[in-house]
Amino acid sequence: MTHDSAVPNGNGHIDHPTAHAQSTNGLTTVDGLNYDGPPAPKADASGYSIREQPYGTKRHMRVILMGAGASSLNFFKAAEQEMQNLKITCYEKNADIGGTWLENRYPGCACDIPSVNYQFSWKIKLWSHYYSFAPEIWAYLKEIEQENNFIEKYVKLKHRIERVQWDNQSAVWKFKIRNLDTDAIVEDEAEFFINAGGVLNKWKWPDIPGLHDFKGKLMHSAAYEEGYPLEGKKVAVVGAGSSGVQIVANIQPKVQKLYHWVRSPIWITAGFAQRWAGEDGANFRYTQEQLDFLRDNPKKYLEYRKQIENELNQRFKFIIKGSEEARAAREYSFNEMRRKLKNDARLCDKIIPKDFNPGCRRPTPAPGYLEALIADNAVIFTDDISRIDASGFVDHEGNHHDVDVIICATGFDTTWIPRFEFINGAGMSLKDLWGTKDGISSYLSVAIPTFPNHFTFCGPYGPLGHGSFMPLIEHWTQYMFDVIRKAQIENIKSFTPRMDLSNQFRQHADLFLQRTAWTSPCRSWFKQGKNDGQAVIYPGSRLSFLELLRRPRYEDYDIEYWDQNRFAFLGNGFETREFDGRDITNYLGLLDGVDVQPEYDESLIDVLGGVHVDSSYYVNATSSRKKETVRPAGN
């Protein structure tokens, strides 16, 4: 650990030891060294006084995060390496960390991003499959938590945030949190509030008459009873989104009878980075030889990840309407779907989209799904269910079908309205702000206008369909750290995104998005589950987004300071580096790459010091230089 490292002290604080200069007895004192002379005035005529601390001193601040998934784990890890004087508390409603990968355990649940690109840059592992299944991803996150003891340090499990309100006077967010074990309400407060609860985390039952009259096994994909046996059973799967198609592909070979509904056209596309996948884009298990190669050749492993990422980053081109890539993607997907459906006229007509291109919804790689639809034990409906009763369901033609199990893969609440009360300093709730006819407003997806000191991991207008979230999480975290550090050093009270500039960002986004498949007439959670909803996705490529968030645009914020003099943070004339053990000549480069003040010995001065040079050599050298500088007469 270098002298610049943060020190977690076991109670959620990340401290940094800094020596402070102070004034005593009228004499300026720095680490016990007194400077003689008359004492400087303690204040000027206006009452302004010097803050007796070096420039760069970070005041203690608190941050509360909601949700202990991948975003929070990265936040904890990076904070311990980079932040000081920061108390972190994370409230998690579940009994363990992991977020979506803890909750989603339905059959076939897997990431649609290649495994090697769905990991943090600081925690590279060898994965069992090209597309990893939920249990392995959760185990990866759990290993990170256990290696770093994050739960004990920062996380309060089985605690659900129910109300958050900004207090203008004290400049803190005030929280009411329910302890789900005791049902007691706990209060807390922090200068910064970060929503790390994820994009899709509030699942919902479908609105089907009689759904809860069913006496068999009823499950939602987001609350699935892991390991429930389906072999030999008659199973109905409602919903054909990302989870529905994975479930159908996984269970069709096991069940006696499969009933499934596809009410809206859907592009079943090639998997992300299909060129590297198995035959026909199928998932595959890495061989031991492949794993050994990756383990023994870290540079080749990085190249492998970069080549796949290179392919992912080029997918944005097929989102643009009228592009060659869009035409090629549509033609390829159309032909592949017809081939895998064996040209079944009814299914091809009902399922293959006619009026929007691939990408309107998040691409749905589902190896085996289309083949499952034409299997002998599958019955596929393209009309609504009439109703459900105790023993099964009634289809659109009035026919009753007995089933043993109903699985609802019907998605989540995609309105972006949080499940807790969220109120700004003016007393307006986010529900009211976003519930107006003007719709959803967002500042670059990371913040919300009129809500100070608040950040979100992938809020509205974020890169929701642009590939792996893991690199994005790392960039969002750095953005948040930049703002928090500035608040700590400059004694800033609050940062609030300006509404006028947030509206300008939305104006640009809404116009640009008309060029993309994302605004085509399909039901998508990018558009709150509507055909013609407001598309709240980032208007550009992933590289564009990463560059945009590389550093905060502070000119887009209303910034309030605690000090009347904004330069009070300059303090006593020194900088923290001069006292905390870091290298005070770091701008020349670091010895051995470590930012620690070197302990110099006499070896160099014994060789290079002027006192060791023969005096006659010095005189001769000086005389020679003087001769060289004589200028010709008359010049």
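Per our numbering, residue 4 is the first one in the sequence shown, and the count goes up by one each step. Built from N, CA and C at the ideal position, the CB exists for glycine as well. Keep in mind it's a predicted model, so treat the numbers as computed, not measured.
CB-CB under 6 Å to Glu-165, same chain, minus the five flanking residues each way: which ones, in chain order?
Excluding residues within five positions, the ones whose Cβ falls inside 6 Å are Lys-179, Arg-181 and Phe-423.
Does the Cβ-Cβ distance between Ala-375 and Val-251 come in under 8 Å?
It is a contact, given that the beta carbons lie within the stated cut-off.
Who are the Cβ neighbours of Phe-572 in its own chain at under 7 Å, not counting the five residues just before and after it?
Result list for Phe-572: Tyr-58, Ile-492, Glu-493 and Asn-494, in chain order.
Would you mind stating whether Tyr-557 and Phe-508 have Cβ atoms separated by less than 8 Å?
No; because the gap between Cβ atoms is not below 8 Å, this pair is not in contact.
If you count every other CB in all the chains shown that lies within 10 Å of the CB of Ile-17, and 16 or more means buried, which is it?
The residue in question, Ile-17, is buried, as its Cβ has 16 or more Cβ neighbours within 10 Å.
Report the partner residues of Phe-498 according to the DSSP bridge assignment.
Phe-498 pairs with Ile-562.
Between the beta-carbon of Pro-452 and the beta-carbon of Ser-505, is there less than 8 Å?
It is a contact, given that the beta carbons lie within the stated cut-off.
Assign Asp-47 to one of three DSSP states: helix, strand, or coil.
Here Asp-47 sits in coil by DSSP.
Quick check on this structure: which residue in Phe-196, Phe-123, Lys-533 and Arg-163 has the alpha carbon closest to the alpha carbon of Asp-99?
Comparing Cα-Cα distances from Asp-99 to each of Phe-196, Phe-123, Lys-533 and Arg-163, the minimum goes to Arg-163.
Note down the Cα distance separating Ile-383 from Gly-200, rounded to an integer number of angstroms.
About 35 Å.
How is Val-397 classed by DSSP in three states: helix, strand or coil?
Here Val-397 sits in strand by DSSP.
Kindly indicate which residue of Ser-267, Ser-52, His-478 and Ile-443 has the alpha-carbon position closest to the one of Val-539.
Answer by Cα proximity: Ile-443.
Quick one, are the C-beta atoms of Tyr-121 and Ser-135 less than 8 Å apart?
Yes, the pair counts as a contact, with Cβ atoms nearer than the cut-off.
Does the structure place the segment 82-100 close enough to the segment 462-474 that three or more beta carbon pairs sit under 8 Å?
The answer is no - the segment 82-100 does not touch the segment 462-474, with fewer than three Cβ pairs under 8 Å.
Should the segment 397-408 be called in touch with the segment 223-239, which here means at least 3 C-beta pairs below 8 Å?
At 8 Å Cβ cutoff, the stretches touch.
Alpha carbons only, please: which of Ser-246, Asn-204 and Ala-43 is nearest the one belonging to Ile-420?
Selected option, being the one with the closest Cα: Asn-204.
Decide if Asp-586 is buried, meaning its Cβ has at least 16 other Cβ atoms within 10 Å, or exposed.
It is buried - the Cβ of Asp-586 has at least 16 other Cβ atoms within 10 Å.
Going by Cα to Cα distance, which pick from Lys-128, Ile-487 and Thr-290 is closest to Phe-458?
Of the listed residues, the one whose Cα sits closest to Phe-458 is Ile-487.
Give every residue of the same chain whose Cβ lies closer than 6 Å to the Cβ of Ser-497, excluding the five residues on either side of it in the sequence, and list them in chain order.
Hits under 6 Å: Ala-174, Pro-455, Asn-456 and Glu-563.
Pick helix, strand or coil for His-457, following the three-state DSSP scheme.
Note: His-457 maps to strand in three-state DSSP.
Assign Ser-118 to one of three DSSP states: helix, strand, or coil.
Residue state, collapsed to three classes: helix.
In terms of residues, what are the limits of the alpha helix (DSSP H) holding Thr-439?
Neither: Thr-439 is in no alpha helix (DSSP H) and is coded neither H nor E.
Determine the closest residue to Ile-211 out of Asp-513, Phe-577 and Thr-413, with distance taken between C-alpha atoms.
When each option's Cα is compared against that of Ile-211, the closest is Thr-413.
Near Arg-526, which residues of its chain fall below 7 Å by C-beta distance, leaving aside the five closest residues on each side in sequence?
Same-chain partners within the cutoff: Ser-267, Gly-532, Lys-533 and Asn-534.
Rounded to a whole number of angstroms, what is the C-alpha to C-alpha distance between Asn-77 and Ser-52?
Cα to Cα, Asn-77 sits roughly 40 Å from Ser-52.
Exposed or buried, which one is Gly-430 when buried takes at least 16 other CB atoms within 10 Å?
Gly-430 should be labelled exposed.
By alpha-carbon positions, which one of Met-69, Ile-271, Asp-398 and Ala-273 ends up nearest to Asp-191?
Asp-191 has its Cα closest to that of Met-69, out of Met-69, Ile-271, Asp-398 and Ala-273.
So, with DSSP's three-state summary, where would you put Leu-160?
Leu-160 falls in the strand class under three-state DSSP.
For Gly-15, count neighbouring Cβ atoms within 10 angstroms of its own Cβ and tell me buried if that reaches 16, exposed if not.
That one is buried.
Leaving out five residues before and five after Lys-547 in sequence, what residues of the same chain have Cβ atoms less than 7 Å from its Cβ?
It is worth fixing the name first, because residue 547 is Ser in this sequence and not Lys. Within the same chain, Ser-547 has no close Cβ partners at all.
Taking C-alpha atoms, which residue in Gln-600, Phe-577, Glu-581 and Gly-613 lies nearest to Glu-55?
Checked all of Gln-600, Phe-577, Glu-581 and Gly-613; the closest Cα to Glu-55 is Phe-577.
Following the continuous alpha helix (DSSP H) through Lys-220, name the residue where it begins and the one where it ends.
Where Lys-220 is concerned, there is no enclosing alpha helix (DSSP H), although the beta strand (DSSP E) it sits in stretches over 220-223.
Considering only the alpha carbon of each residue, which of Asp-295, Ala-276, Leu-297 and Asn-300 lies closest to Gln-310?
It is Ala-276.
In the segment 178-219, which residue ranges form an unbroken beta strand (DSSP E) of at least 3 residues, counting only runs that do not cross its ends?
Counting only runs of 3 or more, we get 188-193 and 195-198.
Are Thr-385 and Val-265 touching if we call contact CB-CB under 8 Å?
Cβ distance < 8 Å, so Thr-385 and Val-265 count as in contact.
Give me the Cα-Cα distance between Gly-247 and Lys-434, rounded to the nearest whole angstrom.
Each residue's Cα considered, the two are about 29 Å apart.
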